[in-house]
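Data first, discussion second: the structure below is written as C-alpha coordinates.
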Amino acid sequence: MTDPEIADKTYIEPITIEVLEEVIKKEKPDAILPTMGGQTALNLAIKAEENGLLKKYKIELIGANSKAIANAEDRKKFRKNMFEIGLDLPKSEIIKILTKAAKSLRKIGLPAIIRPSFTLGGLGGGIAKTKKEFFKIVKQGFMNLQKIRF
16 MTDPEIADKT YIEPITIEVL EEVIKKEKPD AILPTMGGQT ALNLAIKAEE NGLLKKYKIE
76 LIGANSKAIA NAEDRKKFRK NMFEIGLDLP KSEIIKILTK AAKSLRKIGL PAIIRPSFTL
136 GGLGGGIAKT KKEFFKIVKQ GFMNLQKIRF
(Lines of atoms letter the chains of each structure in order from A and count residues from 1; the text may use other names and numbers.)
(Lines give C-alpha, C1' and ligand atoms only; values in the text may rest on other atoms or scores of the structure.)
Protein backbone atom coordinates (compact mmCIF):
# COMPACT_ATOMS: atom_id res chain seq x y z
CA MET A 1 0.00 0.00 0.00
CA THR A 2 1.64 3.21 -1.12
CA ASP A 3 -1.27 5.59 -0.54
CA PRO A 4 -0.39 7.76 2.50
CA GLU A 5 -4.08 8.74 2.77
CA ILE A 6 -5.02 5.13 3.58
CA ALA A 7 -1.88 3.56 5.04
CA ASP A 8 -0.60 4.39 8.52
CA LYS A 9 2.95 4.35 7.14
CA THR A 10 4.35 4.10 3.64
CA TYR A 11 7.67 2.48 2.79
CA ILE A 12 9.36 2.73 -0.57
CA GLU A 13 11.70 -0.25 -0.32
CA PRO A 14 12.55 -3.38 -2.29
CA ILE A 15 9.77 -5.91 -1.82
CA THR A 16 11.70 -8.79 -0.33
CA ILE A 17 11.26 -11.06 2.65
CA GLU A 18 14.30 -9.45 4.30
CA VAL A 19 12.91 -5.92 3.98
CA LEU A 20 9.52 -7.13 5.19
CA GLU A 21 11.15 -8.52 8.33
CA GLU A 22 12.89 -5.20 8.99
CA VAL A 23 9.58 -3.34 8.66
CA ILE A 24 7.89 -5.87 10.96
CA LYS A 25 10.63 -5.42 13.59
CA LYS A 26 10.18 -1.65 13.43
CA GLU A 27 6.38 -1.41 13.24
CA LYS A 28 5.40 -4.49 15.30
CA PRO A 29 2.07 -5.14 13.55
CA ASP A 30 -0.56 -7.53 14.90
CA ALA A 31 -1.80 -8.31 11.40
CA ILE A 32 -1.00 -7.84 7.73
CA LEU A 33 -3.61 -7.21 5.02
CA PRO A 34 -1.97 -8.58 1.86
CA THR A 35 -5.06 -8.10 -0.32
CA MET A 36 -4.38 -4.35 -0.45
CA GLY A 37 -1.04 -4.75 -2.21
CA GLY A 38 -1.91 -6.68 -5.33
CA GLN A 39 -0.13 -9.76 -6.59
CA THR A 40 3.21 -8.73 -5.12
CA ALA A 41 1.78 -8.49 -1.61
CA LEU A 42 -0.03 -11.82 -1.99
CA ASN A 43 3.17 -13.54 -3.13
CA LEU A 44 5.15 -11.97 -0.28
CA ALA A 45 2.50 -12.99 2.28
CA ILE A 46 2.73 -16.61 1.13
CA LYS A 47 6.52 -16.45 1.31
CA ALA A 48 6.39 -14.89 4.81
CA GLU A 49 4.21 -17.73 6.04
CA GLU A 50 6.34 -20.41 4.36
CA ASN A 51 9.49 -18.92 5.93
CA GLY A 52 7.93 -18.84 9.40
CA LEU A 53 8.13 -15.05 9.56
CA LEU A 54 4.47 -14.61 10.52
CA LYS A 55 4.69 -17.25 13.23
CA LYS A 56 7.97 -15.83 14.57
CA TYR A 57 6.43 -12.38 15.08
CA LYS A 58 2.90 -13.64 15.92
CA ILE A 59 1.33 -11.84 12.97
CA GLU A 60 -2.04 -12.77 11.52
CA LEU A 61 -2.93 -12.49 7.84
CA ILE A 62 -6.29 -10.76 7.52
CA GLY A 63 -8.51 -10.34 4.48
CA ALA A 64 -7.26 -13.64 3.08
CA ASN A 65 -5.14 -16.29 4.73
CA SER A 66 -2.36 -18.11 2.90
CA LYS A 67 -4.59 -21.11 2.16
CA ALA A 68 -7.20 -18.88 0.50
CA ILE A 69 -4.49 -17.08 -1.49
CA ALA A 70 -2.96 -20.37 -2.64
CA ASN A 71 -6.38 -21.79 -3.57
CA ALA A 72 -7.15 -18.74 -5.70
CA GLU A 73 -3.72 -18.29 -7.29
CA ASP A 74 -2.68 -21.87 -7.96
CA ARG A 75 -4.46 -22.92 -11.15
CA LYS A 76 -4.51 -26.61 -10.23
CA LYS A 77 -5.96 -26.01 -6.74
CA PHE A 78 -8.48 -23.51 -8.10
CA ARG A 79 -9.69 -25.97 -10.74
CA LYS A 80 -9.98 -28.79 -8.19
CA ASN A 81 -11.99 -26.57 -5.83
CA MET A 82 -14.36 -25.47 -8.59
CA PHE A 83 -15.01 -29.08 -9.61
CA GLU A 84 -15.67 -30.02 -5.97
CA ILE A 85 -18.46 -27.45 -5.74
CA GLY A 86 -19.94 -28.54 -9.05
CA LEU A 87 -18.96 -25.66 -11.34
CA ASP A 88 -18.44 -26.37 -15.02
CA LEU A 89 -15.10 -25.13 -16.28
CA PRO A 90 -13.64 -24.74 -19.74
CA LYS A 91 -11.08 -27.28 -20.92
CA SER A 92 -7.68 -26.48 -19.50
CA GLU A 93 -4.19 -27.83 -19.06
CA ILE A 94 -1.47 -26.99 -16.60
CA ILE A 95 2.02 -27.09 -17.99
CA LYS A 96 5.18 -26.70 -15.98
CA ILE A 97 7.70 -27.10 -18.78
CA LEU A 98 7.68 -25.56 -22.22
CA THR A 99 8.00 -28.90 -24.03
CA LYS A 100 4.46 -29.86 -22.89
CA ALA A 101 2.86 -26.84 -24.60
CA ALA A 102 2.27 -28.51 -27.99
CA LYS A 103 0.48 -31.47 -26.39
CA SER A 104 -1.72 -29.10 -24.39
CA LEU A 105 -2.57 -27.08 -27.48
CA ARG A 106 -3.73 -30.24 -29.26
CA LYS A 107 -6.08 -31.02 -26.34
CA ILE A 108 -7.42 -27.49 -25.86
CA GLY A 109 -7.46 -26.06 -29.36
CA LEU A 110 -7.64 -22.44 -30.45
CA PRO A 111 -8.42 -19.80 -29.46
CA ALA A 112 -6.66 -20.42 -26.15
CA ILE A 113 -6.29 -18.27 -23.06
CA ILE A 114 -2.85 -18.56 -21.49
CA ARG A 115 -2.66 -17.52 -17.85
CA PRO A 116 0.44 -18.16 -15.71
CA SER A 117 -0.06 -18.71 -11.97
CA PHE A 118 1.20 -16.23 -9.40
CA THR A 119 1.93 -13.36 -11.80
CA LEU A 120 1.25 -9.65 -11.60
CA GLY A 121 -1.98 -8.64 -13.28
CA GLY A 122 -1.87 -11.35 -15.89
CA LEU A 123 1.74 -10.66 -16.84
CA GLY A 124 2.86 -13.28 -19.33
CA GLY A 125 -0.66 -14.26 -20.33
CA GLY A 126 -2.91 -13.55 -23.26
CA ILE A 127 -5.30 -14.92 -25.85
CA ALA A 128 -3.83 -16.87 -28.75
CA LYS A 129 -5.78 -17.22 -31.98
CA THR A 130 -2.98 -18.90 -33.91
CA LYS A 131 -0.37 -21.54 -33.15
CA LYS A 132 2.36 -18.92 -33.53
CA GLU A 133 0.67 -16.60 -31.02
CA PHE A 134 0.16 -19.52 -28.63
CA PHE A 135 3.84 -20.45 -28.47
CA LYS A 136 4.92 -16.81 -28.25
CA ILE A 137 2.61 -16.16 -25.27
CA VAL A 138 3.54 -19.42 -23.54
CA LYS A 139 7.27 -18.68 -23.88
CA GLN A 140 6.76 -15.15 -22.55
CA GLY A 141 4.70 -16.53 -19.67
CA PHE A 142 7.48 -18.87 -18.60
CA MET A 143 10.02 -16.05 -18.79
CA ASN A 144 7.89 -13.72 -16.65
CA LEU A 145 7.02 -16.43 -14.15
CA GLN A 146 10.70 -17.07 -13.48
CA LYS A 147 11.26 -13.36 -12.87
CA ILE A 148 8.34 -12.93 -10.50
CA ARG A 149 8.42 -15.89 -8.13
CA PHE A 150 10.25 -15.12 -4.89
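In my numbering, the protein residues as written are 16 to 165. A virtual CB, placed ideally from N, CA and C, is assigned to each residue, including glycine. Treat the numbers as computed from the prediction; the structure is a model and nothing was measured.
Just checking my contact of residue i with residue j at CB under 8 Å: how many whole Å lie between their CB atoms?
{"i": "L35", "j": "L57", "result": "Their Cβ separation, rounded to whole angstroms, is 13 Å, which puts L35 and L57 out of contact at 8 Å."}
{"i": "I39", "j": "I74", "result": "7 Å"}
{"i": "I30", "j": "L76", "result": "In fact, because the Cβ distance is near 16 Å, the residues do not count as touching under 8 Å."}
So, residue i versus residue j, is the Cβ gap smaller than 8 Å?
{"i": "T55", "j": "A79", "result": "no"}
{"i": "R144", "j": "K122", "result": "The displayed chain sequence assigns Lys, not Arg, to residue 144. For K144 and K122, no; Cβs fall outside 8 Å."}
{"i": "L120", "j": "K91", "result": "no"}
{"i": "I21", "j": "A63", "result": "no"}
Could you give the DSSP three-state label for residue i: helix, strand or coil?
{"i": "L104", "result": "coil"}
{"i": "A46", "result": "strand"}
{"i": "E37", "result": "helix"}
{"i": "G67", "result": "coil"}
{"i": "S132", "result": "coil"}
{"i": "K111", "result": "coil"}
{"i": "N58", "result": "helix"}
Identify, in the order they occur along the chain, each residue of the same chain with its Cβ nearer than 6 Å to the Cβ of residue i, setting aside the five sequence neighbours on each side.
{"i": "R130", "result": "G140"}
{"i": "L138", "result": "N159"}
What does a CB cutoff of less than 7 Å around residue i pick up in its chain, not counting 5 residues either side in sequence?
{"i": "A116", "result": "I110, F150, V153"}
{"i": "G156", "result": "I129, P131, G139, G140"}
Considering only DSSP beta bridges, list what residue i is partnered with.
{"i": "A127", "result": "A143"}
{"i": "L76", "result": "I47"}
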